[in-house]
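Quick note on my numbering: the sequence shown kicks off at 173 and runs consecutively. Built from N, CA and C at the ideal position, the CB exists for glycine as well. Quick caveat, the model's predicted, so the values are computed rather than measured. See below for the structure under consideration.
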Amino acid sequence: MPLLYTKNLRREFGGIIAVADVNFEVYKDSITGLIGPNGAGKTTLFNNITGLDFPTSGFVFFKGDDITELPAYKITRSGIARTFQNIRLFKEMTVFENVMIGRHFRSNNPVLAKNRPLNFLMGRLFTKQEEKDIYYNSLKWLDFFNLLDMRDEYSKNLPYGKQRELEIARALATEPELIFLDEPAAGMNPQETDQLMKTIKRIRDLGVTVVLIEHDMKLVMNICDTITVLNYGSKIAEGTPGQIQNNKDVIEAYLGKSDD
Ligand code: ATP
Numbered sequence: 173m174p175l176l177y178t179k180n181l182r183r184e185f186g187g188i189i190a191v192a193d194v195n196f197e198v199y200k201d202s203i204t205g206l207i208g209p210n211g212a213g214k215t216t217l218f219n220n221i222t223g224l225d226f227p228t229s230g231f232v233f234f235k236g237d238d239i240t241e242l243p244a245y246k247i248t249r250s251g252i253a254r255t256f257q258n259i260r261l262f263k264e265m266t267v268f269e270n271v272m273i274g275r276h277f278r279s280n281n282p283v284l285a286k287n288r289p290l291n292f293l294m295g296r297l298f299t300k301q302e303e304k305d306i307y308y309n310s311l312k313w314l315d316f317f318n319l320l321d322m323r324d325e326y327s328k329n330l331p332y333g334k335q336r337e338l339e340i341a342r343a344l345a346t347e348p349e350l351i352f353l354d355e356p357a358a359g360m361n362p363q364e365t366d367q368l369m370k371t372i373k374r375i376r377d378l379g380v381t382v383v384l385i386e387h388d389m390k391l392v393m394n395i396c397d398t399i400t401v402l403n404y405g406s407k408i409a410e411g412t413p414g415q416i417q418n419n420k421d422v423i424e425a426y427l428g429k430s431d432d
C-alpha cells in the first residue's frame, strides 16, 4: 500500500478545475517527482494534501488514515512536512531560531495537553526536557545541512541556496516521515542545484520519503524514482524517469521535442 495516496482528489476555484479527480500515490522511502506546465495544479495538489486548502471532493490517505479534513498543524503532527515555492523563513530570526521553531510545531505533549492537573504538576519537568530535546534536535539538523557555523546569523543574511536549505532543515525539524518540497531548486545556480540533489538523496537515505515539485528536469530525472505528470489538473502520466522522458503525451504537453 502507498504511504500516502489521494483518491479522486478534485479542487475547483469557481469555474476553474485546478485538480481534476487525481489519484496520486507516494511509496515509502522513494523520491517522487510531480511535474507539469505552469498552472497544471501541482501546488494546489500539495496544498490539498498538506491541509492548507481543502478538496472540493475526493480523499487523502496517509498510513491508511483519512486525513482529508485535517488542518495543517495536525497534518504536521501526523508526520508530514513541507516547504514553499517562495521562501518563508523568519528573516529577523537567526538560523538556529528558525530551526527550533520547526521543532516546536511537532513537540506538544498530548498527555499534558489533555490533562490539566497533570499538566500543572508535571509541566515544568516536561518543559525542561522538551527544551533540551528541541535544542539538540535543532543542532542535529543544522549539522546535517552544514549550517552550524552560521547558526547565529540572521536568516536573511544567508546566501540564497543556504536559505532554501534552512527552510528544508526547519521542515525536517518536525521529524516527518514524508516531506513535500515545492520547487526546491528555484533560483539556485547549477552548483547549488547539484548540492541540493545530493542533499535530497541524503534525506531519503535517512528514511524520510520525499515528494517534490520541480521544473529543473536535470534534477527530476536524476533523483526521482517515479514521476507523476499533471496537465490542466489531470494526471496524464506516471512512471520512471525513462518512461516519462519517452511518453508522447508528456513530450507534447511539457517536455518538448528532444532538440528543444
Ligand atoms: P506553477 O508551476 O506555475 O507553480 P502549478 O502547477 O503549481 O503552477 P497551481 O498553482 O496549482 O499550478 O494552479 C492551478 C490552477 O488553479 C491555475 O489555473 C491557477 O490560476 C488556479 N488557482 C490556484 N489557486 C487558486 C486560487 N486560490 N483561486 C483561484 N484560482 C486558483
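Sequence-distant residues of the same chain with beta carbon closer than 6 Å to residue i, five excluded per side
i      : result
Glu481 : Nothing can be reported for residue 481, as the shown portion of the chain is limited to 173 through 432.
Reduced DSSP secondary structure (H/G/I, E/B, other) of residue i
i      : result
Phe262 : coil
Asp431 : Here Asp431 scores only 48 on pLDDT, less than 50, and its place in the model should not be relied on; the value that follows carries that caveat. Coil at Asp431, not helix or strand.
Glu184 : strand
Val380 : coil
Thr371 : helix
Asp354 : strand
Leu402 : strand
Leu391 : helix
Residue i: first and last residue of the uninterrupted beta strand (DSSP E) it sits in
i      : result
Arg254 : Ile252 to Arg254
Phe234 : Ser229 to Phe234
Lys200 : Neither: Lys200 is in no beta strand (DSSP E) and is coded neither H nor E.
Glu410 : Ser406 to Gly411
Pairwise C-alpha distance: residue j and residue i
i      : j      : result
Asn219 : Glu325 : 31 Å
Ala409 : Phe316 : 34 Å
Val401 : Gln301 : 45 Å
Gly414 : Lys214 : 21 Å
Thr240 : Phe196 : 14 Å
Leu434 : Asn394 : An answer regarding residue 434 cannot be provided, because it is not within the stretch 173 to 432 covered by the chain.
Phe233 : Glu264 : 37 Å
Span of the alpha helix (DSSP H), counted from its first residue to its last, around residue i
i      : result
Phe218 : Lys214 to Ile221
Contact set for residue i: own chain, Cβ-Cβ below 8 Å, skip 5 residues either direction
i      : result
Ala244 : Thr222, Gly223 and Leu224
Val380 : Leu344, Pro348, Glu349, Leu350 and Ile351
Met272 : Ile306, Tyr307, Ser310 and Ala345
Cβ-based neighbour list, residue i, same chain, cut-off 7 Å, excluding 5 preceding and 5 following
i      : result
Arg376 : Asp201, Ile203 and Val382
Phe268 : Ser310, Leu314, Arg323 and Asp324
Met369 : Leu391, Asn394 and Ile395
Ala357 : Thr365, Leu368, Glu386, Asp388 and Leu391
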